[in-house]
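Here's the structure we're looking at; comments come further down.
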Amino acid sequence: MSEFLIDLHQQTFLQYALLTGILASIACGIIGSYVVSRRITYIAGGIAHTVLAGLGAARYCQVVFHCDWLHPLYGAVVAALIAAIVIGLVSLKARQREDTVIGAVWAIGMAIGILFIFKTPGYNEDLMSYLFGNILMVSADELWLIAGLDILVVTAGLLFYNQLLAVCFDEEFARLRGINADFYYLLLLCLTALTVVLLVTVVGIVMVIALLTLPAAFAGQFSKRLWQMMLLSTIFTMGVTSSGLALSYGPDLPAGATTILLAGAVYLAGIVLSRLLSALRS
Amino acid sequence: METQPVIELKKVSFSYDGITVLEDVDLIVREKDFLSIVGPNAGGKTTMMKIMLGLLKPSTGSVRIFGQPPAKTRSRIGYMPQHASLDALFPVSVLDVVLMGRLGNGNRFGLFRKSDRETAMEALKEVEMDEFTKRSFSELSGGQQQRVLIARALASDPDLLLLDEPTSNIDMAVETELYEILKQLNEKITIVLVTHDLGFVSHYVKSVACVNRRVVVHPTSEICGEMIHEIYGSRVHMIRHDDITGGTDTCV
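Protein chains in written order, with this note's numbering: chain A, 259 to 540; chain B, 52 to 303.
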């Protein structure tokens, strides 16, 4: 732990890592709360796995066609948005087939990604860092992109708070009040897609869903209103990403997995605590 | 000259997946009417309400609300959906829920003004829930939640109130309170509600539309056990609180 604090002063990669975690936490807390209360975790999972297609394709173009500007994160953003819109339209137009389509998009996205990564010349260590995250590898360029995405997601998530709240709570009623419910539902899925991309840099594709939902689910047990849930869950996420990074640094553990284990532990402790509280009250 | 009807359905039919839910429905609801839509499960009650709201389009026939297509007059309708359709764990306060009734009243980014909050508070007062403003919606009892949902519908400043099963999963005493509130509101606005307990509601409403694919409208005075038997096709116990203050129940 002390090793982490000492190195944090000197090593820019650690500062970038810490900052990435903190920035991603804000979007995660806000959008995660919408996702958990609207119960669309499974959609978020589908979007997360499709990100691999974008990461793989962009990396392939970088190496094979020398498109140096095409950072894998751009690919991730595009893939996530496409997945969000496809799943969103299907869930609006053909609700009974929603789960099938999510499953299909999920698997096809991964398959495309794996093919690109397999065909990219050079070492294939990228795959591991995409799947399980490598927060220590975040560069200055990436940090700017992450900050930009974060500002976008947080601004939209807060600006349309009342509409999104109404659509998540009672879509039909919102529609009757003249709110374009389909638009806001798709907006929510797109914001979820961007948040997923942010979180992929922190914990990797496979564990995104845990970071998106565990803090929000924890916060939900102690919140009476959605914004309280967002605030609490943002603080929670900042806490676990920062301490996950700090705890994993000394013993050289994977930061992503450490973060998720911490989040899981706090979530379980939260359930026990809220049970105890309600037992005491009654 | 007669005033323009609030709701006018002409020869409305609706089918879903080839099954006819409503057939040849004619219905006129006039200003300050208090209409109850009754009928067996899957008889088309909710479908009829959704057609009035413009959420469903009839296969044939025409729908006019305040003389216009429903989509154009939605802002004048206050709607309360079936309670079961809402997520019981959603983190939202009572005031948050009622404020949703103020959405779409010209506030672009959905930021509520002071006047929106005042209207919401007034609506809560009408249903006697103004002391619960800051409480979590999910902590409330079934009857309290129903009242908050009525307040949300009222917050839209409606000229027409549509309620879908407002008394499902609440007990008799609370139900009486709820109908007393509705009766008062009816002095100002037209109310249409869907319910399955015809006998009880007949004490409060002015007319009853019996829906079982087809629709027959009766003034309340005509309601009797035989008629219920006819609609439901089986023997139904009819409970009527003839003397509410005394609390005696008369079973017919």
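All residues carry an ideal CB built from backbone N, CA and C; glycine is no exception. Given the structure is predicted, the values throughout are model-derived calculations rather than measurements.
Min CB distance residue i to chain B below 8 Å
i, result
"F431(A)", "yes"
"I437(A)", "yes"
"S540(A)", "no"
"M487(A)", "yes"
Between the CA atoms of residue j and residue i - distance to the nearest angstrom
i, j, result
"T278(A)", "R164(B)", "36 Å"
"Q320(A)", "V454(A)", "22 Å"
"V335(A)", "S136(B)", "34 Å"
"V412(A)", "Y292(A)", "12 Å"
"V114(B)", "K62(B)", "9 Å"
"I70(B)", "L78(B)", "21 Å"
"Q268(A)", "L394(A)", "14 Å"
"I88(B)", "F141(B)", "30 Å"
"F418(A)", "K377(A)", "42 Å"
"Q235(B)", "D215(B)", "18 Å"
"L452(A)", "R355(A)", "24 Å"
"I304(A)", "L446(A)", "According to the sequence shown, residue 304(A) is Gly rather than Ile. Distance between the alpha carbons of G304(A) and L446(A) is about 15 Å."
"V461(A)", "R198(B)", "45 Å"
"V359(A)", "V466(A)", "20 Å"
"Y67(B)", "F390(A)", "47 Å"
"N263(B)", "G155(B)", "35 Å"
"V267(B)", "R297(A)", "41 Å"
"R433(A)", "F188(B)", "21 Å"
"Q119(B)", "M223(B)", "38 Å"
"L205(B)", "F480(A)", "30 Å"
"Q273(A)", "L266(A)", "6 Å"
"E228(B)", "P132(B)", "19 Å"
"A477(A)", "Q486(A)", "8 Å"
"T516(A)", "L472(A)", "14 Å"
"S540(A)", "G522(A)", "27 Å"
"D326(A)", "L520(A)", "37 Å"
"A171(B)", "S260(A)", "54 Å"
Residue i in three-state terms, based on DSSP
i, result
"T296(B)", "The predicted position of T296(B) is uncertain, since its pLDDT is 37 and thus under 50; no value can be drawn from it."
"C426(A)", "helix"
"G129(B)", "strand"
"V303(B)", "Any reading at V303(B) must be qualified, since the residue scores a pLDDT of 29, below 50, and its modelled position is unreliable; the value itself is stated next. The answer is coil: DSSP assigns V303(B) none of H, G, I, E or B."
"A93(B)", "coil"
"L434(A)", "helix"
"R265(B)", "strand"
"R291(B)", "The predicted position of R291(B) is uncertain, since its pLDDT is 44 and thus under 50; a value taken from the coordinates is nonetheless stated next. Three-state DSSP puts R291(B) in a strand."
"P330(A)", "helix"
"P473(A)", "helix"
"I70(B)", "strand"
"D139(B)", "First, the residue type needs correcting, since residue 139(B) is Ala and not Asp in the sequence shown. It is coil, neither helix nor strand."
"G112(B)", "strand"
"P509(A)", "coil"
"P379(A)", "coil"
"R286(B)", "At R286(B), the pLDDT of 44 sits below 50, so the modelled position is not reliable and the matter cannot be decided from this model."
"P121(B)", "helix"
"K165(B)", "helix"
"F323(A)", "coil"
"V454(A)", "helix"
"S64(B)", "strand"
"D222(B)", "coil"
Beta carbon proximity, residue i to chain A, threshold 8 Å
i, result
"D147(B)", "yes"
"S323(B)", "Examination of residue 323(B) is not possible in this model, given that chain B is present from 52 through 303 alone."
"P132(B)", "yes"
"S49(B)", "Examination of residue 49(B) is not possible in this model, given that chain B is present from 52 through 303 alone."
"L214(B)", "no"
"F117(B)", "no"
"L211(B)", "no"
"L104(B)", "yes"
Neighbour list for residue i in chain B, Cβ cutoff strictly below 9 Å
i, result
"F427(A)", "L137, D138, F141, V143, D147, V148, M151, F188"
"S295(A)", "D138, L140, F141, P142, V143"
Interface partners of residue i on chain B, CB under 7 Å
i, result
"M368(A)", "By Cβ distance, chain B contributes nothing, its closest Cβ being about 31 Å from M368(A), past 7 Å."
Partners in chain B for residue i, counting only beta-carbon separations shorter than 8 Å
i, result
"L491(A)", "According to the sequence shown, residue 491(A) is Ser rather than Leu. Neighbours of S491(A) on chain B: none; closest Cβ ~11 Å, over 8 Å."
"S501(A)", "Here the premise fails: no neighbours, minimum Cβ distance about 26 Å."
Within chain A, partners of residue i - CB distance below 8 Å
i, result
"L154(B)", "N420, Q421, A424, A432, R435, G436, I437"
Partners in chain A for residue i, counting only beta-carbon separations shorter than 7 Å
i, result
"L107(B)", "Neighbours of L107(B) on chain A: none; closest Cβ ~11 Å, over 7 Å."
Contact set between residue i and chain A, taken where Cβ atoms lie within less than 9 Å
i, result
"F163(B)", "N420"
Check: residue i C-beta below 7 Å from any heavy atom of the ligand PLP
i, result
"W485(A)", "This structure lacks the ligand PLP, and indeed carries no ligand of any kind."
Any chain E beta carbon closer than 8 Å to residue i
i, result
"F183(B)", "Protein chains in the displayed structure are A and B, and chain E is not among them."
Residues of the region 170-198 of chain B whose Cβ lies closer than 7 Å to any Cβ of chain A, in chain order
S187
Of all the residues that make up the region 452-484 of chain A, which are near chain B by a beta-carbon distance shorter than 7 Å?
Residues of the region 452-484 of chain A whose Cβ lies closer than 7 Å to any Cβ of chain B, in chain order: G478, S481, K482, R483, L484.
If contact means a Cβ-Cβ distance below 8 Å, which residues of the region 66-82 of chain B contact chain A?
none
Positions along the region 398-422 of chain A whose CB lies within less than 9 Å of some CB in chain B:
Cβ contacts with chain B come from L417, F418, Y419, N420, Q421, L422.
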